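Below is one structure, written out as structure tokens; comments come after it.
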Amino acid sequence: MSVTSGTKTESGVGETIRVVINALLIALVIRTFLFQPFNIPSGSMKATLLVGDYLFVSKYSYGYSHYSIPLSPNIFSGRVFGSEPSRGDVVVFRLPKDDSTDYIKRVIGLPGDRVQMKEGLLYINEKPVQRERMSDFVGEDPCGSDATARVKRWKETLPNNITYETLDCVDNGFYDNTNVYTVPPGNFFMMGDNRDNSTDSRVLSAVGYVPFENLVGRAQMIFFSIAEGEHAWQIWRWPTAVRWNRIFSIVR
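The following block contains the structure:
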């Protein structure tokens, strides 16, 4: 009896280990080839993405580079099954100056484009991007303080008719007037929707142009969202802290 019982116990433990290993392998495949979760730690993409948003990023949208693989082993260069992003996509990418850091921004300039800011207005290839004023953004301050703020909000429409909202914390901000940025071949120009509080491709010393190889994936859907300053593990606070209206919303 004892021998039979021990065999069953060992068999049960072995089966449990196999189930755990299979689950980990499935999770690894999903994370590498399909979807990877990310959370938003800063306000550079307000009001499109808020601090405390958790979202799924599709890894297959632009093909795969070595940055698609966990720990990013440098086992090959370039991309396989590559497909370039469209203007207006919200993209996660590895920072060219520090490829251990993930950033999320919107694709504004494609290879060969000339991008410039004049008095807070975006120009692409010498043409101003259509912009119309919306009601002010009111909420967690996108300009850097801890208070609730009221900030100018605009709707921009890119040349391919993609529309989205941008915020304008101050008139004539530091990057509201720039030189012309000419996007090199194989690179993209990224900008945050929170224009006066975003370190993006306008800051050549910090971000600059983003190589195609550095793209991780396209932001697709918010699957969870909790108010800035709250902690997701504090389940007892969810009834008031979770932004229920943002859950399962598509990122545009």
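Residue 1 is where the sequence shown starts when you use full-length UniProt numbering, and the numbers rise one by one after that.
Yeah, the Cβ is synthetic: ideal placement off N, Cα and C, and Gly gets one too.
For clarity, every value in this text was computed on a predicted model and none was experimentally measured.
Local Cβ density within 10 Å of residue i, reported as buried at 16 or more and exposed below that
i: Ser77; result: exposed
i: Val156; result: Reading off the sequence shown, one finds Glu at residue 156, where the question assumed Val. The residue is buried, with at least 16 neighbouring Cβ atoms inside 10 Å.
i: Phe137; result: buried
i: Gly12; result: exposed
i: Gln234; result: exposed
i: Ser83; result: exposed
i: residue 256; result: The chain is shown from 1 up to 252; residue 256 falls before or after that span and cannot be answered.
i: Ser135; result: exposed
i: Ser205; result: exposed
i: Gly14; result: exposed
i: Pro85; result: buried
i: Val251; result: buried
i: Pro142; result: buried
i: Asp98; result: exposed
i: Val20; result: exposed
i: Leu49; result: buried
i: Phe174; result: exposed
i: Ile26; result: exposed
Cross-strand partners of residue i (DSSP beta bridge)
i: Ser249; result: Ile222
i: residue 256; result: Residue 256 is absent from the model: the chain starts at 1 and stops at 252.
i: Arg243; result: According to DSSP, Arg243 bridges with nothing at all.
i: Arg94; result: Asp102
i: Pro186; result: Note that residue 186 is Gly in the sequence shown here, rather than Pro. Beta-bridge pairing links Gly186 to no other residue.
i: Ile26; result: Note: Ile26 sits in no beta bridge, so no partner.
i: Thr163; result: Thr157
i: Met191; result: Arg106
i: Arg114; result: Thr182
i: Arg131; result: Glu156
Contacts around residue i, its chain only, beta-carbon distance under 8 Å, and the 5 residues preceding and following it disregarded
i: Asn39; result: Gly52, Asp53, Tyr54 and Leu55
i: Pro96; result: Val207, Gly208, Tyr209, Val210, Pro211 and Asn214
i: Arg153; result: Ala47, Arg133, Met134, Ser135, Asp136, Phe137, Glu165, Thr166, Leu167 and Asp168
i: Trp236; result: none
i: Pro184; result: Pro111 and Tyr209
i: Ile69; result: Thr32 and Ile75
i: Ile247; result: Ile222, Phe223, Phe224 and Ser225
i: Val129; result: Leu121, Leu122, Tyr123, Glu156, Thr157, Leu158 and Pro159
Proximity of residue i and residue j at Cβ, strictly below 7 Å
i: Leu121; j: Arg87; result: no
i: Leu215; j: Val91; result: yes
i: Arg79; j: Ser65; result: yes
i: Asn245; j: Gly43; result: no
i: Val180; j: Arg114; result: yes
i: Glu165; j: Ala47; result: yes
i: Met221; j: Asp176; result: no
i: Val170; j: Asp200; result: no
i: Ile226; j: Ala219; result: no
i: Gly144; j: Met45; result: no
i: Arg202; j: Thr240; result: no
Contact set for residue i: own chain, Cβ-Cβ below 7 Å, skip 5 residues either direction
i: Gly186; result: Pro111, Pro211 and Phe212
i: Phe81; result: Gly63 and Tyr64
i: Phe35; result: Phe56, Val57, Ser58 and Lys59
Cut-off 6 Å between Cβ atoms - residues of its own chain near residue i, not counting five sequence neighbours on either side
i: Phe188; result: Val107 and Val210
i: Ser2; result: With a pLDDT of 40 at Ser2, under the threshold of 50, the modelled position of this residue cannot be trusted, and the question is left open.
i: Ser72; result: His66
i: Glu126; result: none
i: Tyr123; result: Gln116
i: Ala147; result: Asp141
i: Ile162; result: Gly88
i: Val242; result: Ile226
i: Ser198; result: Ser44 and Gly192
Three or more C-beta pairs below 8 Å linking the segment 59-68 and the segment 19-36: Put simply, the segment 59-68 touches the segment 19-36. At least three CB pairs are less than 8 Å apart.
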